[in-house]
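Worksheet: the structure to be examined is printed underneath.
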Amino acid sequence: MQYNTSELTEEQRIFQDMMTDFADEVLAPMVDEAEETGNTPLELFTKMAEMGFLCPRYPEDLGGGGADKLTECIMIEQVCRVDAGFCGAIVAHSGLGTMPIFLHGSDEQKEKYLIPAIQGKKIAAFGLTEPNVGSDAASIQTRAVRDGDEYVINGTKMFITNATICDYVIVAAYTQPDKRGLGINLFLVDKGTPGFTVSKKLDKVGNHAAETGELVFEDCRVPAENLIGGKECGGFQQLESTLISGRITYGARCLGTAQSAYDLTVEYAKQRVQFGKPIIKFQNTSFKLAEMATYIDVMRTYVWRVARLYEAGANVKKESSMVKLFCAELLQNITNAGMQIHGGYGYMMEYPIQRHWRDGRLYTVTEGTSEVQRIVISKECGF
Ligand SMILES: Cc1cc2nc3c(=O)[nH]c(=O)nc-3n(C[C@H](O)[C@H](O)[C@H](O)COP(=O)(O)OP(=O)(O)OC[C@H]3O[C@@H](n4cnc5c(N)ncnc54)[C@H](O)[C@@H]3O)c2cc1C
Numbered sequence: 001m002q003y004n005t006s007e008l009t010e011e012q013r014i015f016q017d018m019m020t021d022f023a024d025e026v027l028a029p030m031v032d033e034a035e036e037t038g039n040t041p042l043e044l045f046t047k048m049a050e051m052g053f054l055c056p057r058y059p060e061d062l063g064g065g066g067a068d069k070l071t072e073c074i075m076i077e078q079v080c081r082v083d084a085g086f087c088g089a090i091v092a093h094s095g096l097g098t099m100p101i102f103l104h105g106s107d108e109q110k111e112k113y114l115i116p117a118i119q120g121k122k123i124a125a126f127g128l129t130e131p132n133v134g135s136d137a138a139s140i141q142t143r144a145v146r147d148g149d150e151y152v153i154n155g156t157k158m159f160i161t162n163a164t165i166c167d168y169v170i171v172a173a174y175t176q177p178d179k180r181g182l183g184i185n186l187f188l189v190d191k192g193t194p195g196f197t198v199s200k201k202l203d204k205v206g207n208h209a210a211e212t213g214e215l216v217f218e219d220c221r222v223p224a225e226n227l228i229g230g231k232e233c234g235g236f237q238q239l240e241s242t243l244i245s246g247r248i249t250y251g252a253r254c255l256g257t258a259q260s261a262y263d264l265t266v267e268y269a270k271q272r273v274q275f276g277k278p279i280i281k282f283q284n285t286s287f288k289l290a291e292m293a294t295y296i297d298v299m300r301t302y303v304w305r306v307a308r309l310y311e312a313g314a315n316v317k318k319e320s321s322m323v324k325l326f327c328a329e330l331l332q333n334i335t336n337a338g339m340q341i342h343g344g345y346g347y348m349m350e351y352p353i354q355r356h357w358r359d360g361r362l363y364t365v366t367e368g369t370s371e372v373q374r375i376v377i378s379k380e381c382g383f
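Positions 1 to 383 (full-length UniProt numbering) are the ones given, in order, by the sequence shown.
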C-alpha cells in the first residue's frame with residue numbers, strides 16, 4: 001500500500017516503499033507474541049537499525065540515515081500501522097532518549113551513548129514524569145546534588161517507556177530547585193548503576209508491546225560528565241526542541257494507527273453481510289468510511305506540512321502542538337467509528353480493531369496531554 005506518493009520526492013517514495021514492505025514482512029510477524037506477552041522484542045531495535053530505519057534523521061557520520069523529518073514521519077507511520085507498542089518503544093529511543101544527546105551532548109556522550117543507540121546496540125529511555133508530577137513538569141521532585149566529581153540522584157520516575165529493557169536512561173532532575181524550571185538538568189544513567197532500579201513493570205490497557213515501568217534512584221551516583229550540556233541549569237530549554245520535533249512525530253504515530261483501523265474496517269464492512277448485502281453498501285457505513293478517509297488525508301497532509309516547515313528551519317512550536325492535538329483527538333473518532341462498524345465482533349479480542357482503539361486511547365495523554373497542547377497553542381496565539 002502506498003500513501004499520498006505524488007507529494008513525495010523520489011527518495012521519500014523509495015523509502016516509503018521499503019519501509020512499508022519492511023513493516024509488513026519483518027515487523028508484523030513479531031506483533032502477536034509481543035502483544036500477548038507484553039515483552040518488547042529486542043530484535044525490533046537491531047532489525048530496524050540494520051536497515052537504517054531505527055534513527056533515520058541522525059547524520060550519516062554518526063551512523064544515522066541523514067534523512068529529513070518527513071522521512072522520519074513515514075518511518076513512524078509505517079511502524080505504528082503495524083503495531084503502536086512497537087512504535088512507542090522506537091520513538092522513546094529515537095526521539096526523547098537520544099535527541100537531547102545529539103543536540104546538547106558532548107563528543108564523549110555521543111560516542112558512548114548516541115552512536116550505539118543509533119546502531120541498535122544500546123536501548124534508550126527517557127524519564128521526566130513522576131508519581132506526583134506529570135503535566136506540571138517544572139514541579140518534579142527528583143534531585144541531583146553535586147558531590148565532588150559526581151552527582152547523587154534521588155527520585156522516582158513513573159510510566160517510563162523502555163524502562164525494563166533500556167541500557168541507559170536520560171533522567172530529568174533538579175540541580176538548583178530554587179530556580180523553577182530553569183534549575184532542571186538532564187543526566188545519563190547507565191543500567192546497573194548502583195542505586196538505580198526498575199521497581200515495577202506496569203500493566204497497561206494497550207500498547208502492550210512497549211514495556212512501561214517505574215524507575216527508582218536512591219543515592220544513585222553518576223560521574224559529573226553524565227550531565228548533558230556540561231553545565232547546570234537549562235535542561236528544560238534543552239528539552240524544548242526535542243518536544244517540538246516529537247510532537248510532529250506523534251502526528252505520524254496517530255496516522256499509522258488511524259490508517260490501520262481504517263484498512264481493517266473497510267475489509268470488514270465489505271465482508272459482513274446483513275439484510276442480504278455487505279454492510280458497506282449501507283450509506284451509513286460508506287459515509288462513515290468516507291469521513292474516516294477524509295480525516296486521515298487531512299491528518300497526513302498536516303503532519304507532512306509541519307514536518308517540511310520544521311525541516312526548513314521554521315519555528316513550529318505552535319504548529320507541532322496543533323499536529324499533536326489535532327491528530328490525537330481526530331484519531332479517537334476514527335477508532336470509535338471502526339469499532340462501531342465492526343459491531344459485536346469489534347469488541348472481541350480476536351478482531352484487531354480493538355487493539356487500535358485501546359492503543360490510540362493513549363495518544364491524547366502522553367508527550368503532553370491534549371489540554372497541555374491547548375495551553376501551548378493558546379500561549380503561542382497570544383491568549
Ligand atoms: C504508556 C505511557 C508511556 C509513557 N512514557 C513516558 C516516558 O517514556 N517518559 C516520561 O517521562 N513520561 C512518560 N509517560 C508519562 C506521560 O507523559 C504523562 O502521563 C503525561 O504527561 C500526563 O501526566 P499525568 O499522567 O501525570 O497526568 P496529569 O498531569 O496528572 O493530568 C491529569 C489530567 O489533568 C489535566 N490537566 C493537568 N494540568 C492541567 C491544566 N493546567 N489545565 C487543564 N488540564 C490540566 C491533564 O490534561 C489530564 O487530563 C508515559 C505515560 C504512559 C501512560
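Even glycine gets a Cβ: it sits at the ideal position worked out from N, Cα and C. Being a predicted model, the structure only gives us computed values, none of them experimental.
Using CA coordinates, which residue listed in the options is at the minimum distance from residue i?
i, options, result
"G97", "T175, L114, F15, W304", "L114"
"N185", "T257, V152, G276", "V152"
"K379", "E319, Y174, V205", "E319"
"L215", "E225, G192, L227", "G192"
"K157", "R180, K201, G148", "K201"
"K281", "A258, M18, K270", "K270"
"K324", "Q373, L309, I279", "Q373"
"V376", "R13, A307, M322", "M322"
"K112", "G344, A293, D190, E50", "D190"
"R361", "A290, G343, G206", "G206"
"K47", "D61, V26, G148", "V26"
"L264", "Q16, A337, Q109", "A337"
"F196", "F187, F22, D219", "D219"
"E329", "H208, H104, S370, N4", "S370"
Within 10 angstroms of the Cβ of residue i, are there 16 or more other Cβ atoms? Answer buried if so, exposed if not.
i, result
"Y347", "exposed"
"V298", "exposed"
"T37", "exposed"
"D359", "buried"
"Y302", "buried"
"I76", "buried"
"Q274", "exposed"
"V82", "buried"
"M349", "exposed"
"E232", "buried"
"K121", "exposed"
"N315", "exposed"
"D61", "exposed"
"Q283", "exposed"
DSSP three-state label for residue i, please.
i, result
"V205", "coil"
"A144", "strand"
"N154", "strand"
"P223", "strand"
"K317", "helix"
"K122", "coil"
"L54", "coil"
"F196", "strand"
"I377", "helix"
"D61", "helix"
"L186", "strand"
"V79", "helix"
"E211", "coil"
"K277", "strand"
"I160", "strand"
"E130", "strand"
"F217", "strand"
"T40", "coil"
"D178", "coil"
"I341", "helix"
"P352", "coil"
"D32", "helix"
"A67", "coil"
"G368", "coil"
"I334", "helix"
"G229", "coil"
"F383", "coil"
"Y3", "coil"
"S135", "coil"
"Y347", "coil"
Where does the unbroken alpha helix (DSSP H) through residue i begin, and where does it stop?
i, result
"G88", "84 to 91"
"G246", "235 to 271"
"I101", "99 to 104"
"F15", "10 to 22"
"R361", "Here R361 belongs to no alpha helix (DSSP H), and DSSP marks it neither H nor E."
"N284", "283 to 311"
Is residue i near ligand 3 - that is, is its Cβ less than 7 Å away from at least one heavy atom of it?
i, result
"G95", "Ligand 3 is not part of the structure shown, which contains ligand 1 as its ligands."
List the endpoints of the continuous beta strand (DSSP E) containing residue i.
i, result
"Y168", "168 to 174"
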